[in-house]
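Undergrad: Numbering (this note's numbering), first residue to last: 43 to 291. For each residue, glycine too, the CB sits at the ideal point set by N, CA and C.
Structural data, given as structure tokens:
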């Protein structure tokens, strides 16, 4: 028993050291358990964009709707006016699904105040795409939840689908140009309007810094290490660690 305890303490120490050296910091964490608040203190609540009044919560999921008409699109908005995220060094992880428009452009993230067609999408080939610079080959299935990670830093943007890197591209398209980061909402002016789908989102996590994807312990192991994590003072240890993200410098 003493050996087990000593080993556990050693593991806890290693985990504390590892997390203490992270370059990316989780600054906002949304689990959609009946509201749009963050579990991280100091982060703003998300703003619901719901012009038709059809959004609902169900079983820890936020369901949004509307139509492809730009003024009738539903989605969410993150207020970065407090500069929790650095304009050219951040990450967003989400688990969500799209209901509609298989084989069409559908916006995931807008960072330009809905004034530009440029942004992060699922494209007509049902792949992740930063328009107009880079697309992927991993299939995004309509009607199915997927984990999507976008990272921006060092002059590069990377996109991951279900924890698999899809592409790395040199671009500033996803550098924050506005105080709002819009989820699922397409541009209100210019070309390419209406590239939208209704959908549901299970969680959204915003990091200041670049997250890298790696393996994490299984749920049973997390249970064993919980005390050690608490000792490290880790925030945001949540039931939806299923995003399988480890942050590294």
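Residue 199 and residue 223 - do their beta-carbons sit closer together than 8 Å?
TA: No. Outside cutoff.
Undergrad: Per DSSP, which residues does residue 199 bridge with? Please list them.
TA: Bridge partners of residue 199: 194 and 211.
Undergrad: For residue 164 versus residue 192, is the C-beta spacing smaller than 8 Å?
TA: Not in contact: residue 164 and residue 192 (Cβ atoms no closer than 8 Å).
Undergrad: Do you know whose CA, among 195, 236, 209 and 231, lies nearest residue 216's CA?
TA: Comparing Cα positions, the closest option is 195.
Undergrad: So, at 7 Å on beta carbons, what are the nonlocal neighbours of residue 145 in its own chain, with the 5 sequence-adjacent residues on each side left out?
TA: Once the five neighbours on either side are set aside, the close Cβ partners of residue 145 are 166 and 168.
Undergrad: Which of helix, strand or coil does DSSP assign to residue 114?
TA: If DSSP states are grouped into helix, strand and coil, residue 114 belongs with the helices.
Undergrad: Roughly how many angstroms separate the alpha carbons of residue 233 and residue 143, rounded to a whole number?
TA: Looking at the two C-alpha atoms, the distance is approximately 18 Å.
Undergrad: Among residues of its own chain, excluding the 5 on either side of residue 159, which ones have a beta-carbon nearer than 6 Å to its beta-carbon?
TA: Closer than 6 Å at the Cβ level, and outside the excluded window around residue 159, lie 229, 232, 233 and 234.
Undergrad: So is residue 208 buried or exposed if we call it buried at 16+ other beta carbons inside 10 Å?
TA: When all chains shown are included, residue 208 counts as buried.
Undergrad: Who are residue 128's beta bridge partners in DSSP?
TA: Per DSSP, 131.
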